[in-house]
Amino acid sequence: MGKQLNVALIGNPNTGKTSVFNALTGLNQKVGNYPGITVDKKQGVCKLSRGVKANVLDLPGTYSLNASSLDENVVIELLLNKNDKDYPDVALIVSDVETLKRNLLLFTQIKDLKIPTILVINMSDLMIRKGISLDIELLEAKLHTKIALVSTRKNTGIEALKQLIESYKTISTEPCLDTTLIDEDYFQSLQKAFPNQDVYKLWLVITQDANFGKITRQELDVSKFKTKSNQELKRLQQKEAIKRYQFINSILKEGQTIDRSKATGLRSKLDRILIHKVWGYVIFFLVLLSIFQAIYDWATVPMDLIDTTFASLAEWVKVTFPGGGKVTDLVAEGIVSGIGGIVIFIPQIAFLFLFISILEESGYMSRVVFLMDRVMRRFGLSGKSLVPLISGTACAIPAVMATRNIENWKERLITILVVPFTTCSARLPVYLIIIALVIPDGSIIGLSYQALTLMALYLLGFGMAIFSAYILDRVLKTKHKTFFVVEMPNYKLPLLKNVIITVIEKTKTFVFEAGKIILAISIILWVMASYGPGDKFNNAESYVKEISASQSTSELNDQIAAFKLEHSYIGIVGKTIEPLIKPLGYDWKVGIGLVASFAAREVFVGTLATIYSVGSAGEGENIETIKTKMANETYADGTKVFTLASGISLLLFYAFAMQCMSTLAIVRRETKTWKWPILQLIGMTAIAYICALIAFQFLK
Amino acid sequence: MRFTIADLKKGEKGIITDSSSENIPLKLLEMGCLPGNEVHLLQLAPFSDPMYLNVNDSFLAIRKETAALIVIEKING
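Residue numbers (this note's numbering), protein chains in the order written: chain A, 1 to 700; chain B, 1001 to 1077.
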């Protein structure tokens, strides 16, 4: 192993920083966490010559070293802390060729921290088309840096960049600006108070403290030094920005020429349609529709395949290791089915992120924010929240993951919290059977009551999501004041490599992080349903045979299964909660279904099938049999269990309750704490309980 | 009369004269909303909010309430 060096990639959002990262590291990258916060930490290894390896850190996109979000704060925390293990030996500032001026602001700030800095100018292949020419030598001399012209699209300049990284020791660390010129008196007194420190670094610590919050991993204590009000500090920061732009403009005047006549009108042409007051919305609606189609319909093909594959795999385990007893059962029904229950989500996640990364990469997503901001901000949501909310109608898991693209933490959190209210496809089998059972046939102006009920449930889910967002927006407090400033990037053809890496990375995150929790809970649920205490569970066969003497073997087996489930641990839980769910109109059998639904809502149907001794559910005729059995189900006094009142109550419960362990697991992963999933579980279930209670008591 | 970016109509331009209001996000200043720079209002969302501008070679969308804090001098024609 040769020497390792730390490289930090820094740059504005939308400059192709991640493309440069992907070009340098390929698939040698992993996503971790910064301790205590919800920002992804992307690291990768880049092989240089002679066995030298560079640890490349892709820092969150930022416009300057003055943080206004947690993501941006990561950058400044790292650059101010020389003791951090990731502190860069060399920083790469990635700019694109068209926004060089703005990117140089950040560049000069990093330079003033005296970190060896390379300026990477991406999309250099567009220079001729855009009529831009640069005097590289002059720029390098004036900026005291080395410049790498790269094109991640054409894959040029990457090798030269690697060589520059390798010779980082030769790069000047001379600052660009004399920052004390911002306010000489103030900076002099600052230097006097901390004679051993770099004055620009001190300035950053102070302004950061005033603007955003204490720098946590900072050894400097500037709290005693406070001679300026926040208002004055801000004025100085404005002055700093002006000074920096004066410097940058003077350099670009010599080093850059732009032939404006060459500017292609692609942006304005596309903007004219894509954010048009009418067509913009029509197009966005069509985009949402195709996302919905992909995850609701196309994804079912691979999902069915996964389903049958894991079913036959479980069967294979049982047949191949028949002597294994409980171990074989655990592997086949607990573990294999549990893993199957995780893998089944992959097609939807992959499809959704395929769309999202294309929308982000192309620059279209910012237009969506522009179009939707006015409507969504009223509910504390971002324009970007619509994509997760609509995806939630297929499945909440990929939808919660999709919120990652919302920059504002509060808007992201609210979206995560309300997405599970939208009617996911797992609710559908439950809705269908209960609607068929309790909603009468018949129609009004050509629309059947049953269809109308189903539609009402979809609207109810969406309405509840929006309504709770509105409430949460008023209840949740944020530490940081946030502003709406959205960059409208240039339209670009998405890079296939970036899209693929995003899809792979999101899928991996789900399988390995949320997957652990899902597997653990599904094994627990399986054990609870497959084992029970006492004689009645263990000798179910003889008990059942005693009660019903003359029956066919298959009927007898179904009855044994029902009897076993009744006396299993899950059955005991179902019976224990009966007093609690009685006011909602449910008996203990429904109770067992509710508990079992925690694995996935559609399990409700299968569980009821077992408990009503219908045998393995799923096929058409069995659904009919379950329906008949449910319709005939009565309490001891002869009153029916499933009436309009209890049916509506059950529908409402399923519409609002948080009954999905996989969703909880992914919320835990996305918010990095158990606090939010637990609040979600309690809050949603309470809403469900109250609504179901009111409905049942009124309709009864 | 005091003009702000919020008073611009689609396609109009102005020169920023004052952006020192306390409530202007620093990010906006850093992206180039500084005195002397030209603002070009490119498009408006329904109800003129948000507003889509070009300033200092940056293309930005900001809300009307923020735009109303940035004082400009209108360029005619």
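A virtual CB, placed ideally from N, CA and C, is assigned to each residue, including glycine.
request  = Taking 8 Å as the cut-off, decide whether the C-beta atoms of Ile433/A and Ile626/A are in contact.
outcome  = In this structure, Ile626/A lies closer than 8 Å to Ile433/A by Cβ.
key: Within chain B, the residues that Thr99/A reaches when beta carbons sit closer than 8 Å   = Asp1057, Ser1058
task = Keeping to the same chain, check which residues put their C-beta closer than 6 Å to that of Asp587/A; ignore five residues upstream and five downstream.
result = Contacts found: Val641.
query = In chain order, which continuous runs of the alpha helix (DSSP H) of length 4 or greater are located wholly inside the segment 269–303 of chain A?
reply = 279–293
ask   = Between which two residues does the alpha helix (DSSP H) harbouring His567/A extend?
value = From DSSP, the alpha helix (DSSP H) with His567/A extends over 553–567.
ask   = Given that Glu487/A touches chain B, what residues does it touch there, using C-beta distances under 9 Å?
value = Met1031, Ser1058, Phe1059, Leu1060, Ala1061
ask   = From the beta carbon of Arg378/A, is the nearest beta carbon of chain D less than 8 Å away?
value = No chain D is part of this structure, whose protein chains are labelled A and B.
query = Beta carbon of Thr108/A, beta carbon of Arg244/A: below 8 Å?
reply = yes
ask   = Is there a Cβ from chain A that is less than 8 Å from the Cβ of Lys1078/B?
value = Any property of residue 1078/B remains undetermined from this structure, which presents chain B solely from 1001 to 1077.
query = Alpha carbon to alpha carbon, what distance is there between Asn405/A and Glu619/A?
reply = Interpretation of Glu619/A is limited by its pLDDT of 48, a score under 50 that renders its predicted location unreliable; the figure taken from the coordinates is listed afterwards. One C-alpha to the other measures close to 40 Å.
Of the residues Tyr531/A, Ala561/A, Ser530/A, the one placed nearest Tyr543/A, counting alpha carbons only = Ala561/A
task = Using 10 angstroms around the beta-carbon of Ala617/A, count the other beta-carbons present and answer buried if the total reaches 16, otherwise exposed.
result = Because Ala617/A sits at a pLDDT of 41, beneath the cut-off of 50, its placement in the model cannot be relied upon, and the point is left open.
task = Find the nearest neighbour of Ser1058/B within the set Glu98/A, Ala67/A, Thr393/A, judged by alpha-carbon distance.
result = Glu98/A
message = Quick check for students: name the residue ranges of the alpha helix (DSSP H) that lie wholly in the segment 14–69 of chain A, counting only runs of 4 or more.
response = 17–25
ask   = Taking Cβ to Cβ, would you say Asn122/A is nearer than 8 Å to Thr25/A?
value = no
query = Taking the alpha-carbon positions, what's the Ala686/A to Leu92/A distance?
reply = 51 Å
ask   = Measuring CA to CA, which of Gln238/A, Lys269/A, Ser568/A, Lys154/A is closest to Thr179/A?
value = Gln238/A
query = Residues of chain B with a CB under 9 Å from the CB of Asp373/A: which are they?
reply = Ala1045, Asp1049, Pro1050, Ala1061, Arg1063
message = Suppose only complete runs of 3+ residues qualify. What are the beta strand (DSSP E) ranges in the segment 78–141 of chain A, listed by chain order?
response = 90–96, 117–122, 132–134
ask   = If you draw a straight line from the alpha carbon of Val94/A to that of Leu80/A, how long is it in whole angstroms?
value = 20 Å
key: Buried/exposed call for Thr673/A, threshold 16 Cβ in 10 Å   = exposed
request  = Tell me, to the nearest whole angstrom, how far the beta carbon of Leu652/A is from that of Ala688/A; I am working on the premise that it is less than 8 Å.
outcome  = 7 Å
key: Own chain partners of Thr478/A with C-beta closer than 8 Å, once the 5 adjacent residues on each side are dropped   = Within the same chain, Cβ atoms closer than 8 Å to the Cβ of Thr478/A are found at Trp409, Lys410, the five residues on either side in sequence being excluded.
query = How about Pro494/A and Ile358/A: do their beta carbons lie closer than 8 Å?
reply = yes
Opposing strand residues paired with Lys1074/B [DSSP bridges] = Gly1014/B
query = Out of curiosity, what's the CA-to-CA distance linking Gln132/A and Pro13/A?
reply = Here residue 132/A is Ile; the residue named in the question, Gln, does not match the sequence. If I take the Cα positions, the gap works out to 21 Å.
task = Name, going along the chain, the residues of the segment 38–66 of chain A whose beta-carbon falls closer than 7 Å to a beta-carbon of chain B.
result = Tyr63, Ser64, Asn66
task = Please name the residue, chosen from Leu693/A, Asp86/A, Leu65/A, Ser64/A, that lies closest to Leu57/A on a Cα-to-Cα basis.
result = Asp86/A
ask   = If you draw a straight line from the C-alpha of Leu106/A to the C-alpha of Tyr63/A, how long is it?
value = 6 Å
query = CB-CB under 6 Å to Leu525/A, same chain, minus the five flanking residues each way: which ones, in chain order?
reply = Ala599
task = Return the CA-CA distance between Val90/A and Val7/A, expressed in angstroms with no decimal places.
result = 5 Å
key: From Lys47/A, Leu48/A, Arg50/A, Pro35/A, residue whose alpha carbon lies closest to that of Glu77/A   = Pro35/A
query = Going by DSSP, which residues form a beta bridge with His1040/B?
reply = Lys1013/B, Asn1054/B
task = Tell me whether the beta-carbon of Ser124/A lies closer than 8 Å to the beta-carbon of Leu149/A.
result = Their beta carbons are under 8 Å apart, which means Ser124/A touches Leu149/A by this criterion.
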